[in-house]
Amino acid sequence: MDIKQIASAGTMESSDVYVEIAPGNGTLEISLESVVVQQFGDAIRAVVLEVLQEQQVDNANVRIVDRGALECVLRARVETAALRGKGNV
Amino acid sequence: MRRSMLFLPGNNPNMLINGNCLGADAIIFDLEDAVSPAEKDAARILVRNTLRYMDFGGCERIVRINSIDTPYWKKDLSTILPWKPDMILLPKTGAAADAQAVDAYLTELEQQLGMEPNTVALMPLIETAMGVENAFSIATAAKRVRALFLGAEDLTTDLQCKRTKESKEIFYARTRLVMAARAAGVEVYDTPFIDINDDIGIREDAAFAKDLGFSGKVSISPRHVEVINEVFSPTQSEIDYAYEVLDAIALAKKQGKGAISLRGKMIDAPIVTRAQQTISMAMALGLGREEA
Amino acid sequence: MDKLVKSIQEAVKLSGLKDGMTISFHHHLRNGDFVLNMVMEQIAGLGIRDLNVNASSLFDAHMPILEHIKNGVVTGISADYIAAGVGRAISQGIMQKPVQFRTHGGRPSDIALGRTPIDVAFIAAPTADPMGNCSGKYGKSACGSLGYAFADAMYAKKVVVITDNLVAYPLQDFSISEDYVDYVVTVDAIGDPKGIVSGTTQITRDPVGLVMAAHAARVIEASGLLKDGFSFQTGAGGASLAAAKFLKDIMLEKKIQGSFGMGGITGYMVEMLQAGCFRNLMDVQCFDLKAVESIRTDPRHLEISAMQYASPSSRSAAVDSLDVVILGATQIDTDFNVNVHTDSNGYIMGGSGGHSDTAAGAKLSMIIAPMFRARLPIVTDKVTCVSTPGKDIDVLVTQGGIAVNPKNQELQQRLMAAGLPVVDIRELKEKTERITGTPKTLAKGDRVVAEVIDRYGQLQDSIYNVPTK
Numbered sequence: 244m245d246i247k248q249i250a251s252a253g254t255m256e257s258s259d260v261y262v263e264i265a266p267g268n269g270t271l272e273i274s275l276e277s278v279v280v281q282q283f284g285d286a287i288r289a290v291v292l293e294v295l296q297e298q299q300v301d302n303a304n305v306r307i308v309d310r311g312a313l314e315c316v317l318r319a320r321v322e323t324a325a326l327r328g329k330g331n332v
Numbered sequence: 003m004r005r006s007m008l009f010l011p012g013n014n015p016n017m018l019i020n021g022n023c024l025g026a027d028a029i030i031f032d033l034e035d036a037v038s039p040a041e042k043d044a045a046r047i048l049v050r051n052t053l054r055y056m057d058f059g060g061c062e063r064i065v066r067i068n069s070i071d072t073p074y075w076k077k078d079l080s081t082i083l084p085w086k087p088d089m090i091l092l093p094k095t096g097a098a099a100d101a102q103a104v105d106a107y108l109t110e111l112e113q114q115l116g117m118e119p120n121t122v123a124l125m126p127l128i129e130t131a132m133g134v135e136n137a138f139s140i141a142t143a144a145k146r147v148r149a150l151f152l153g154a155e156d157l158t159t160d161l162q163c164k165r166t167k168e169s170k171e172i173f174y175a176r177t178r179l180v181m182a183a184r185a186a187g188v189e190v191y192d193t194p195f196i197d198i199n200d201d202i203g204i205r206e207d208a209a210f211a212k213d214l215g216f217s218g219k220v221s222i223s224p225r226h227v228e229v230i231n232e233v234f235s236p237t238q239s240e241i242d243y244a245y246e247v248l249d250a251i252a253l254a255k256k257q258g259k260g261a262i263s264l265r266g267k268m269i270d271a272p273i274v275t276r277a278q279q280t281i282s283m284a285m286a287l288g289l290g291r292e293e294a
Numbered sequence: 006m007d008k009l010v011k012s013i014q015e016a017v018k019l020s021g022l023k024d025g026m027t028i029s030f031h032h033h034l035r036n037g038d039f040v041l042n043m044v045m046e047q048i049a050g051l052g053i054r055d056l057n058v059n060a061s062s063l064f065d066a067h068m069p070i071l072e073h074i075k076n077g078v079v080t081g082i083s084a085d086y087i088a089a090g091v092g093r094a095i096s097q098g099i100m101q102k103p104v105q106f107r108t109h110g111g112r113p114s115d116i117a118l119g120r121t122p123i124d125v126a127f128i129a130a131p132t133a134d135p136m137g138n139c140s141g142k143y144g145k146s147a148c149g150s151l152g153y154a155f156a157d158a159m160y161a162k163k164v165v166v167i168t169d170n171l172v173a174y175p176l177q178d179f180s181i182s183e184d185y186v187d188y189v190v191t192v193d194a195i196g197d198p199k200g201i202v203s204g205t206t207q208i209t210r211d212p213v214g215l216v217m218a219a220h221a222a223r224v225i226e227a228s229g230l231l232k233d234g235f236s237f238q239t240g241a242g243g244a245s246l247a248a249a250k251f252l253k254d255i256m257l258e259k260k261i262q263g264s265f266g267m268g269g270i271t272g273y274m275v276e277m278l279q280a281g282c283f284r285n286l287m288d289v290q291c292f293d294l295k296a297v298e299s300i301r302t303d304p305r306h307l308e309i310s311a312m313q314y315a316s317p318s319s320r321s322a323a324v325d326s327l328d329v330v331i332l333g334a335t336q337i338d339t340d341f342n343v344n345v346h347t348d349s350n351g352y353i354m355g356g357s358g359g360h361s362d363t364a365a366g367a368k369l370s371m372i373i374a375p376m377f378r379a380r381l382p383i384v385t386d387k388v389t390c391v392s393t394p395g396k397d398i399d400v401l402v403t404q405g406g407i408a409v410n411p412k413n414q415e416l417q418q419r420l421m422a423a424g425l426p427v428v429d430i431r432e433l434k435e436k437t438e439r440i441t442g443t444p445k446t447l448a449k450g451d452r453v454v455a456e457v458i459d460r461y462g463q464l465q466d467s468i469y470n471v472p473t474k
């Protein structure tokens with residue numbers, strides 16, 4: 244499913260994560276910046292992909308700026324950004 | 003047992019993920035006043051995930067949804083209900099019909115989700131003059147109504163009076179709510195104390211609420227939780243006296259005596275009931291005797 | 006005899022400083038210090054190279070030292086604490102020779118024992134007279150105690166006092182006396198007051214910090230140590246200060262009069278002194294204006310040297326009379342070893358300071374830290390760097406439970422009897438990882454960039470470079 248509009252969710256505060264999602268060029272591109280990238284980078288990428296798959300998003304540019312969010316917070320922010328991007332609030 | 007209930011803003015991850023460590027008997031995830039209209043969707047999903055993934059141990063999980071005059075409340079409920087919050091706090095409940103509308107939708111959702119009816123309890127927040135006047139009918143509006151909660155901030159605005167630390171302006175509302183709730187056989191919780199830096203004021207305010215008959219008190223600051231817990235817990239001398247009462251009863255039964263006196267006072271049924279309440283609370287807090 | 010010289014450069018020349026020698030600095034002006042940079046600039050200008058810098062601490066105000074390292078002016082560093090900016094460069098491998106970390110007690114001990122001789126000590130002095138009597142209590146750059154500078158003054162071959170407030174001889178209330186001082190230099194400013202002391206040190210408002218602080222106070226209450234004569238040290242971190250506040254409430258309520266509060270002193274400790282919680286404060290370093298004001302005006306507020314504070318080779322040190330110390334940690338492992346040297350990615354951003362010394366001396370050494378910071382659990386299987394050995398730590402207090410070192414069974418029983426949430430440290434680790442997930446372990450570099458020397462002068466652990474990708 245396509246992302247219709249640029250949307251974001253979350254904040255840059257500690258324990259939160261900022262997710263920005265924009266219409267893609269035919270593929271799913273994910274950029275990740277995280278204070279715990281060495282320890283949790285792979286885990287974060289896997290969760291982001293899983294949530295986007297659940298949301299049936301396969302064509303989008305996604306930017307993640309993580310400030311040490313727990314998995315449940317990351318899932319919530321990606322889902323919110325995807326729903327907002329689909330215009331499905 | 004809910005001595006203390008603590009509000010946590012529904013869109014603040016840092017607060018939500020530590021909610022179970024703050025000492026409160028219950029946490030209220032707030033989707034209403036603490037969340038701006040533009041973030042209602044984000045908070046709803048974040049609170050749902052918190053309910054789903056975080057272990058709150060013995061800490062009860064309550065969600066304050068948006069009031070029924072907003073476009074949000076049904077979405078709030080349908081989003082969070084699969085993860086079984088213990089209770090729903092309904093703001094601005096003015097009449098039995100408000101509680102019944104939410105009750106009906108909850109029943110529908112419980113059915114869809116294959117949950118037992120009345121699994122999720124309802125606690126109307128009474129914060130309007132109309133709500134205070136209708137307190138008893140609200141408390142008895144549905145089976146799932148298990149408690150009332152007084153919200154003095156909105157109430158004093160409605161009353162067109164000033165909200166003061168002395169709280170004389172809400173004395174009637176407080177006693178009226180306790181009366182209505184006790185008559186209906188439900189619990190009743192007192193309004194938050196607003197000055198988070200006044201350590202003495204919170205203690206006095208909580209003690210006064212306890213003396214009026216409130217079951218516990220809500221807090222907007224983690225700093226108040228410990229004091230509230232302390233005030234609403236039985237003291238050691240209260241526990242000791244309760245055990246003395248029950249021991250005297252047991253002894254009198256054995257000896258076949260009718261009237262019993264303890265410390266020169268007749269022990270009648272209300273004293274026994276109160277002693278039993280004290281001991282069940284002490285047991286829940288781990289302050290009771292080893293053997294029952 | 007005239008000790009006054011016109012400039013830092015002249016003092017450096019007169020001191021006889023040559024290539025390969027050791028110079029020293031103290032850190033009482035903290036992140037406001039100008040002196041280290043001014044002195045290094047003159048030394049570099051004179052073409053002197055290959056120096057060893059023994060500084061009690063390096064702050065990010067001292068970032069210009071990195072240039073001197075690149076240019077070969079500085080080839081060795083010894084410090085008790087190195088802040089994140091300088092620390093990052095060291096972790097990236099800027100030095101050929103590993104940095105030597107010591108403790109606040111180990112540094113003066115090694116100086117006094119001749120293990121780390123100093124050729125020239127440069128002492129920033131907020132007030133001095135022309136013969137070198139000096140004090141930190143007066144002047145526009147007042148910093149309070151000069152505790153860390155005493156060993157430098159007493160044992161360096163040459164001592165240069167640098168001041169921005171020269172007063173007539175004799176300076177009345179001096180800390181370091183003229184008999185140690187060779188030269189005195191005046192400059193416009195030795196530091197920026199804003200960086201020297203903070204206005205007020207605030208208690209945390211963070212709810213998790215407050216929960217930990219409340220636990221900490223209850224642990225102290227239950228430990229059996231809180232009685233008349235009680236002695237106490239705590240850091241300036243928000244949660245530590247909040248613990249001091251809760252402790253103060255308990256002491257006042259129970260009418261307990263302690264003997265002394267110690268350490269880096271904050272306004273909060275001053276309030277405890279004034280409220281009657283302690284007879285005295287023993288102050289090796291002031292953290293804020295209120296502490297400076299107090300040490301200047303209140304005779305109960307004592308200035309102590311780093312040797313008296315914490316040196317293991319002193320005939321006695323105050324840390325050995327300490328009942329309770331509250332300390333921080335970036336990591337703690339299941340053997341209770343604590344790391345305060347490196348951050349979660351392995352970069353140097355701190356140091357022991359008085360951590361190991363007070364932990365070794367105090368009857369109850371408490372670590373207070375949240376279960377996790379930015380998703381990283383505080384408890385690990387093995388710390389990246391052992392700053393303070395687990396044998397000296399008694400208890401870890403987090404918001405999610407209190408872990409007692411199994412070596413202290415009595416404390417464990419006391420805390421359990423008081424109804425405190427005691428958990429096994431391994432259980433605490435598992436409980437935390439259920440919330441955060443299990444972090445991958447960091448890739449470690451192959452080159453030692455710093456050696457952690459324990460307070461007795463022995464190598465305790467090595468810090469490796471952080472590989473750059």
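Chains as they are written, first to last, in my numbering: chain P, 244 to 332; chain F, 3 to 294; chain V, 6 to 474.
Where is the CB? At the ideal position from N, CA and C, for every residue including glycine.
Quick check on the DSSP output: the alpha helix (DSSP H) that includes residue i runs from which residue to which?
i	result
V:His73	70-75
F:Arg66	Not the alpha helix (DSSP H): F:Arg66 falls in the beta strand (DSSP E), residues 62-66.
V:Ser83	Segment 79-84 is the beta strand (DSSP E) holding V:Ser83; no alpha helix (DSSP H) there.
P:Cys315	314-328
V:Glu276	272-279
F:Thr275	271-286
V:Lys250	243-258
F:Gln238	238-257
V:Leu420	414-422
Kindly indicate which residue of the options has the alpha-carbon position closest to the one of residue i.
i	options	result
V:Val17	V:Val125, V:Gln101, V:Asp115	V:Val125
F:Asn199	F:Ala182, F:Phe173, F:Thr193, F:Lys167	F:Lys167
V:Gly272	V:Gln404, V:Asn470, V:Val297	V:Val297
V:Asp157	V:Met256, V:Gln463, V:Phe179, V:His31	V:His31
V:Asp184	V:Asn138, V:Gly229, V:Val190, V:Gln177	V:Asn138
F:Ala40	F:Pro73, F:Glu246, F:Gly258	F:Pro73
Tell me where the beta strand (DSSP E) around residue i begins and ends.
i	result
V:Thr239	236-239
F:Ile128	123-128
V:Thr168	163-168
V:Gln465	464-469
F:Lys219	218-221
Please report the Cβ distance between residue i and residue j, rounded to the nearest whole angstrom; I am assuming they are in contact, meaning their Cβ atoms lie under 8 Å.
i	j	result
V:Ile309	V:Gly149	Not confirmed; about 12 Å, so no contact.
V:Ser146	V:Pro69	About 19 Å separates the two Cβ atoms, so there is no contact after all.
V:Ala60	V:Ala84	5 Å
Compare the beta carbon distance of residue i and residue j with 8 Å and say whether it is the shorter of the two.
i	j	result
V:Leu381	V:Pro444	yes
V:Gly110	V:Arg460	yes
F:Ile67	F:Ile47	no
F:Gly203	F:Phe195	yes
V:Phe127	V:Val44	yes
F:Val122	F:Pro87	yes
V:Val216	V:Ile407	no
F:Ile140	F:Ala175	no
F:Val49	F:Ile82	yes
F:Asn136	F:Ala97	yes
P:Gly253	P:Arg306	no
F:Leu53	F:Trp85	yes
V:Leu71	V:Ala49	no
F:Arg5	F:Gly218	yes
Mind pulling the alpha helix (DSSP H) runs of 4 or more residues that sit fully within the region 183-221 of chain V? 198-201
Whole runs of the alpha helix (DSSP H) within the region 73-150 of chain F, excluding any shorter than 4 residues: 75-82, 98-114, 131-135, 137-141
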